[in-house]
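Those letters in the sequence shown? Residues 164 to 301, by this note's numbering. C-beta: ideal position from N, C-alpha, C; glycine also. All values reported here derive from a predicted model rather than from experimental measurement. Worksheet: the structure to be examined is printed underneath.
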Amino acid sequence: MLVLLLIFLGCGHRRTSEPQVVDLYIETDGDFIAFRQNTLTCPAGALVHLAFHHAGRLVTVRHNWVLTHADQLESLSKDFSANDGVLSKDDPRVITATPLCDKGETVRIQFTAPSPGDYPFLCSTHPEDMRGILHVTK
Ligand SMILES: [Cu+2]
């Protein structure tokens, strides 16, 4: 009887393996070559729904949001500067990235937050000027 009770309780405590879903939003600082907020935060392992909005109205330049590792930021940035911001899909330095976005548009991506730490993000077409940090907490 006790065994049956324990099995029953055990079933009631079944763990769900669904990750926590976190919505993040970031935009450009209007027509300026900058992200409007340059820090974002999410917990490790979360399923992140990120929306990136190009808030420009006047200047026609395209932007994106590229997440990388702290120790690979400078080499990635250097390559973006040299190749007009062309992002190679299988670049191992890139954790995830949005497509390029025109003014007034919003692009959305989903990714699983990496292990805890600070991860830089940048725009591939303005790799020196558009940067920020994603803080991934435990
Ligand atoms: Cu840009």
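ask   = Could you give the distance in angstroms between the alpha-carbon of V270 and the alpha-carbon of V211?
value = 14 Å
key: Those runs of the beta strand (DSSP E) which lie wholly inside the stretch 200-227 and span at least 3 residues   = 202-206, 210-216
query = Is it the case that the CB of I189 approaches a heavy atom of ligand 1 more closely than 7 Å?
reply = no
inquiry  = Once DSSP output is grouped into helix, strand and coil, what is the label at E181?
reply    = coil
task = Drop a sphere of 10 angstroms on the beta-carbon of A245, count the other beta-carbons inside from all chains shown, and report buried for 16 or more, exposed for fewer.
result = exposed
request  = Run the proximity test for C205: is its beta-carbon closer than 7 Å to any non-hydrogen atom belonging to ligand 1?
outcome  = no
request  = Identify, in the order they occur along the chain, each residue of the same chain with its Cβ nearer than 6 Å to the Cβ of R199, setting aside the five sequence neighbours on each side.
outcome  = E190, D192
Reduced DSSP secondary structure (H/G/I, E/B, other) of T197 = Residue identity differs from the one stated: residue 197 is Ala in this sequence, not Thr. It is coil, neither helix nor strand.
message = With H, G and I counted as helix, E and B as strand and the rest as coil, what does DSSP make of L263?
response = coil
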